[in-house]
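Have a look at the structure below, then the notes.
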Amino acid sequence: MVENSAVTKRCRGRPQIRSDRETLELIVEAAAAEFQANGFAATTMGTVAQRAGISTKTMYRLVPCKADLFEKVISERIGTFMLEVNPAELDKYELCEAMEHILVSFGTLTLSKATIGLLRLVIGESDRFPEIAAAFHHIAVVQTTDAIAGWLERQRDRGLLKIDDPVRSASALRGMMTMDLQRSAMLGVGHVPTAEEIEARAKFCARLFLDGCRA
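Sequential numbering of the sequence shown, starting at 0, is according to numbering that gives the first Met the number 0.
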């Protein structure tokens, strides 16, 4: 009887339905939707938890504050891009194809409706919440620039490109690929580019850059 009682005691409680990783994915998805719909100031941890279908206790256990939640949303946005530009992936391509691949991936990230919405949010609310501007700059700008610069530096070391400053070159590539298109979409005077338009832009920018830098 004592043994049976111990077994019963150990089995009490609701079993965990999903892992913390799966729950965190739901939280980030819900947070992205809330931030897009309501902005940073009006979004609360409670509304995100409600949209995700979890308790606030679980919410705070996995994400301690709203600023951390915003960082996770940004990190999720650039996650696919970072996978696409890892050295092992890019080494599958010839020089021009690799650059086109980088620029298509970057354009797909930066020129998406979701990213443009996040950038609007950051610009509109950064005076009140400077931490979101700092997070966006570090995660979305610095990390993506460093990834592109790292690839450029490797090509220079292989003797395929002649460039003095990989970081500055990466910044120029970023601007050439997306700056005017993103600005037009943000101002409402242009549309969010299609996949075909992004690919065509990437091919143009890659050729223009390589014709000026090819060894």
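Each residue gets a CB set at the ideal place from its N, CA and C atoms; glycine is no exception.
Host alpha helix (DSSP H) of residue i (start-end)
i: D88; result: The identity of residue 88 in the sequence shown is Glu, whereas the question assumes Asp. E88 -> alpha helix (DSSP H) spans P86 to L89.
i: T144; result: Q142 to D156
i: K112; result: K112 to E124
i: K56; result: T55 to L61
i: T109; result: L94 to T109
i: L82; result: K65 to E83
i: A139; result: Per DSSP, A139 belongs to no alpha helix (DSSP H) and is neither H nor E.
i: T46; result: M44 to A51
i: M175; result: It is not in any alpha helix (DSSP H) - M175 carries neither H nor E in the DSSP assignment.
i: F34; result: D19 to A41
Proximity winner among the options, relative to residue i (alpha-carbon distances)
i: A139; options: I16, R173, C64 and E152; result: R173
i: L207; options: L82, A66 and S168; result: S168
i: F135; options: R20, T79 and K71; result: K71
i: I147; options: A29, L102, E75 and E196; result: L102
i: M175; options: V121, F34 and A205; result: A205
i: T79; options: E152, H100, A36 and D19; result: H100
Cβ neighbours of residue i in the same chain (closer than 8 Å, five flanking residues each side left out)
i: A40; result: E124, R127 and F128
i: A194; result: T107
Status (buried if at least 16 other CB within 10 Å, exposed otherwise) for residue i
i: S54; result: exposed
i: H137; result: exposed
i: E96; result: exposed
i: T109; result: buried
i: I162; result: buried
i: M178; result: exposed
Close Cβ partners of residue i (< 6 Å) along its chain, the five nearest in sequence each way excluded
i: M58; result: M44 and A48
Chain-order list of residues whose beta-carbon lies under 7 Å from that of residue i (same chain, five-residue window excluded)
i: I197; result: V103, G106, T107 and L110
i: Q181; result: T109, L110 and I115
At least 3 beta-carbon pairs within less than 8 Å: the segment 108-115 vs the segment 84-96:
Between the segment 108-115 and the segment 84-96 there are fewer than three C-beta pairs closer than 8 Å, too few to call the two in contact.
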